[in-house]
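These notes are about the structure you will find just below.
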Amino acid sequence: RAIPFSGDVTPLEVLADEADMARWKNDGLPADRTSIENAAIVTSCSRWPLLIDPQLQGVKWIKQKERDSLVTVQITRQKKWIQKVMEAMRNGDFLLIEGIGEEIDAILDPLLARAVVKKGRSSLIKLAGEDVEFLPKFTLALQTKLSNPHYAPEVAAQCTVVNFTVTPEGLEEQILALIVNAEQPDLEHTKRELVRKQNEFKVALAQLEDALLVQLSNADPATILSNTELVEGLETTKNTATEIQEQAVEAKKTEAKINESRETYRDAAAEAAMLYFLLTQLWSINPMYQYSLDSFVTFLYKAIDKTEAYASYAERCAALVQSIRKTVFTWVARGLFERHKLTFVALLTFRLLQRGVLGDAFDAECFNFLLRGPTKVVPENPLADWLPNAAWYAVQKLIEIPGFEAFATNMERDAPSRFKEWIQELHPEAVKLPLDWKRLDSQPFRKLMVLRCLRPDRMTTAIAEYIRAILPSGSEFIDGDAALSFKDILESSFKDSANTTPIFFILSPGADPVKEVESMGKKAGYTANFNFHNIAMGQGQDTVALQKLDFASKEGHWVMLQNIHLMPRWTVELEKKLDAFAAEGSHPDFRCFLSSDPCDYIPVGILERSIKLTNEPPQGLKANFKRAFAFFSRDDFDEKDQKIKATLFGLCFFHAVMLERKKFGSRGWNMTYPFSIGDLRDSSLVLFNYLETQNAVKVPWDDLRYIFGEIMYGGHIIDVRDRLLCNTYLDFFMQDRLLDEAELFPFCEGRDGVSFRTPAPQSYERYLESIEGMPQETPLAFGLHPNAEIGYRTQQCNELFATLLQLQPRKASAEGGAGSQGGQMHAEQVCHEILEEMGDSRFDIEEISQAIPDEEKGPYQHVFLQECQCMNVLVTEMIRSLSELELGFKGELTMSSLMEDLAANLVLDKVPPSWTKLAFPSTRPLGSWLGNLKERIEHLQEWTKEPLTLPKVVDLSKLFSPQSFLTAVKEVASQQHQLELNKLVIVTAVTKKDVSSVDAAARDGAFVTGLHLDGARWDMASSCLEESRPKELFCALPVVHCKAELGSKKEDSGTYICPVYRTQQRGATFIFDAQLRTKYPSAKWIMGGVAMILDIGVSL
């Protein structure tokens, strides 16, 4: 029909013209495309706009745009806010409701739903039981600071949700303006004026066009040519429009020149924008890590001020990049726990690598391999005598990457002995690989991939060394503030603080920042109870705290509020109070110090505005030992009796061991305990009391061991096996040999260079020299096997890369060897694969139950029926949630937060929490977990073929409830031998058979398998416990015979009571105590953390 139309029209051009956009920019709207589109939606939508606006950019624009008729309400902070809402409705104002949560107050439902009732000419809405007039010009907008809220479907139907979260491009432009304004204020002022004029030109043109159209529409068609006034008006409009267009052309030329000068600082702006988006991700590691854009900008300006002056702009910009990176890193790192600092600097390094600003090339496939550490299970490991299966499986995946095709062949056939030597090196990351692979020393990233496969325990060290080498001034980032004391850090951070910026201490066990704050206050003239108010929060202290804050903010005093996590509800009041101080202004000398344990309920507003600091106790046995000994003054110590000196020295070493053993994770302690210097202080007072006051000739070791082990330190301990470990240490340390140069490293005889003895009683200085002369730190100092270090370092590696993978953008984290897929596509694929593989794996409980006559249903049958029921519940939930997710992907269901979390877990190879609640305890990633689930289903299917008979060998690691099966063993024994059930215990005997050589089920009890020794190995020849082989973390036990016998209180010196756990997490996964033969004292295995584990997460 030849109807003319615009071919490249966009929705934005339909919703707004250039004049509208110009007005919005003049009102403070960021100039990026996303922000302009958001503004067009807000001004055009028929429903109320709901702004997702964590950086408050949308709110600032609305406040400027609607400044003449704006009414703001903050529901969480204002009293009688509903009256303000009603008043705005009656006056026809623009109402902005700020800071809403995921649930909107139900009192606003009629307003959100526009439940208007007509009464005559008036429109009314019933609000809070009152009819309120609703004027047509009334407008409502809502805003939330939450970055990813999930609202009920009815809210989405009543409001238009608009995402105003700052974009990387938009933030980069804003930061560029800030930097240029700080560096060349005249240039940025000219730029701003130019932009303002250009916007005004567009507005003026639009106004002229509108006026012209009005004149034409009002003119009489008959006399239009003789209408002199109209013709002159048209001529004036034409001349003005031509003049404006000429000025606009000139302005664009000037703008191009200005932009060329501004572009010099583009790298610094890009660096700052990247850093800010890194910070916004840290909350997923720990909810205390929250940072606002305003705080970030403050430190951005500090970085600019610190940068040295240079002659050329290019050199100045390069220096700015380094200064911004170091300043922001230092600010953030001081508020991170030690275990998260390497994560942050690695995240920073890899992001810079992706942007191509470091000296190493970025390969997405290699990076994905390093993060995920994928494995490919193969039937046989040809190097099994010296290479763990997990390492060989990882190599099978490595050879799929271009450049590594020959790696497995080289290991297996060409130089196995040389690869064996390399793997057994103490620091393989510093040693060249065999054969041509030595070239990887010039490709450090690819060498990291080899280490990830073969020596994951060295990865944290290797990553740190890689960052030192690749990142400019890398050592400064890795070492951080290591050379500074906490006092120095606090004083430095205090200079960065202001009357509106609190200093927030994130507490850790054994650390107390109060003394440092008091000491700094004394230097500055602030004394306790005069102009420094220290309040330990607790019941009734909230009123006192608010009074002191009000007084201090006016008078310029300091206030310290300790342990605010103890009053979670009151912290909301505290946030309101700090907001009020910021709005109203407070004395320039006013300072607020806050402290809290890590938790997830401290208001984001408090965390974002604060400078966060952590103060962790020293790391390492020697550092903790030295700190414990230094707690006692030199003069007091030198006056003590020789017995007291020697015993106190041993007590300090015991204290250091108790603190530092936690680094070995579950091998160290089943639970985490808050041992502190206070325990050492109180124990020393008991020691002094016994040996000085009572003038004891002999040291009362039994009394001291009981008080230390059951009251002072034991008072913290909940787990029975942890209490046994504590008492075993005390039995080893607290005895007469401590007074005569005793060996403090347990069971280390015969190991060269591994020994530390108590010195002969002497002066305080000599004891300190003895501590300084301690051997290099080793697990042997704790009585643990050297393999324990491999275990905890491997765990550190897994946690590091799991966190880095979690923090990757979804698209990046979903990239695999088959190319780049979006996160949703990857989740869809995994979802479909699981549903296909699972099919319907559920058991027909009714059919199985009917196949077993009631008279033959014994304890074993009840256990297996219960196992089938548990499996059905799990499989049903898996199929339900995955089917629901598939519908969500197709758009047939609204994606809920639970569905989003499920999809994210599928991408990250994690077992979803909704499955974990119904499943067996496991530490496996999703892929391995699904394989293990299939094995468990097959194990149960084997039993269902012959439900009346007990399987020849029962795999305990494949059961949901191994305790139920062991209870069934006791019940059967009780029935057969007429014994009291509550007096029976499970007794174990390790056979010399494997599963295939067992011909029939046990006559008494049951044969079981699936047990793995952790911390020791089983010697088949002597049938007893032996020390683990180097780098062999687990040892699979042969078939074990479990039977029930009457419990005996007699202790057998040749038997170790070995705890059995379901997973490596130990603790709450405890099942029962087994008995293992040993030729060593049981204390050796107790200190060594020796246990049996059912599911170790890999196949041996």
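Note that full-length UniProt numbering gives residue 72 to position 72 of the sequence shown, counting from 1, and the numbers run on in steps of one. The C-beta atom is built at its ideal place from N, Cα and C for all residues, glycine as well.
Between the region 838-854 and the region 944-960, the count of Cβ pairs shorter than 8 Å is three or higher; the stretches touch. Using a Cβ distance threshold of 8 Å, T1078 and Y1061 do not count as a contacting pair. Within 10 angstroms of the beta-carbon of V544 lie fewer than 16 other beta-carbons, which makes it exposed. The C-beta distance from Q158 to L51 rounds to 15 Å, too long to meet the 8 Å contact threshold. Taking the C-beta atoms as reference points, A270 is found no nearer than 8 Å to E183.
Counting the other Cβ atoms within 10 Å of the Cβ of R355 gives fewer than 16, which makes it exposed.
Contact between the region 62-77 and the region 91-100 is present: three or more C-beta pairs spanning the two stretches fall below 8 Å.
When secondary structure is reduced to three states using DSSP, V332 falls in the helix class. V1090 places its beta carbon less than 8 Å from that of D1014. Contact check for D994 against V1039 passes: the beta carbons are separated by less than 8 Å.
Assignment of alpha helix (DSSP H) within the region 417-466, counting only whole runs of 4 or more residues, yields 444-454 in chain order. In this structure, the CA atom of D53 is about 21 Å from the CA atom of D600. For F664 and F653, the gap between their C-alpha atoms comes out near 17 Å. N624 is bridged by DSSP to nothing; it lacks a bridge partner. Between the region 111-124 and the region 133-150, the count of Cβ pairs shorter than 8 Å is three or higher; the stretches touch. The region 179-255 contains no complete beta strand (DSSP E) run of 3 or more residues. Of all alpha-carbon atoms in A222, I644, Y1080, A156, the one lying nearest the alpha-carbon of W48 is that of A156. Inter-residue distance for I1086 and Q322 is about 51 Å (C-alpha atoms, whole angstroms).
The C-alpha of Q245 is placed about 8 Å away from the C-alpha of F201.
Closest in alpha carbon position to R67, among M449, V907, W24, is W24.
About 6 Å separates the beta carbon of L194 from that of A251, a gap short enough to meet the 8 Å contact definition. P428 and Q975 have their C-alpha atoms roughly 59 Å apart. Note on geometry: alpha-carbon atoms of G525 and E516 lie some 14 Å from one another. R757 is bridged by DSSP to E743. V14 and H565 have their alpha carbons spaced roughly 51 Å apart.
Proximity of the region 531-541 to the region 641-660 falls short of the contact definition, fewer than three beta-carbon pairs being nearer than 8 Å. The C-alpha of A528 is placed about 25 Å away from the C-alpha of P617. Contact between the region 356-376 and the region 467-483 is established, with three or more Cβ pairs separated by less than 8 Å.
DSSP places F505 in the strand class (E or B) of the three-state scheme. Where F477 is concerned, the enclosing alpha helix (DSSP H) starts and stops at 474-479. For F732, there is no enclosing beta strand (DSSP E); the residue is part of the alpha helix (DSSP H) that begins and ends at 720-733. In terms of Cβ geometry, A827 and L882 do not form a close pair [threshold 8 Å].
Counting the other Cβ atoms within 10 Å of the Cβ of F631 gives fewer than 16, which makes it exposed. The beta carbon of I848 sits closer than 8 Å to the beta carbons of L865, C868, T944, P947 from its chain, once the five residues preceding and following it are set aside; these are given in chain order. Remark: C-beta atoms of F801 and G373 approach each other more closely than 8 Å.
Apart from sequence neighbours up to five positions away, the residues of its chain that approach L208 with a beta-carbon distance below 7 Å are T237, T240, A241, ordered along the chain.
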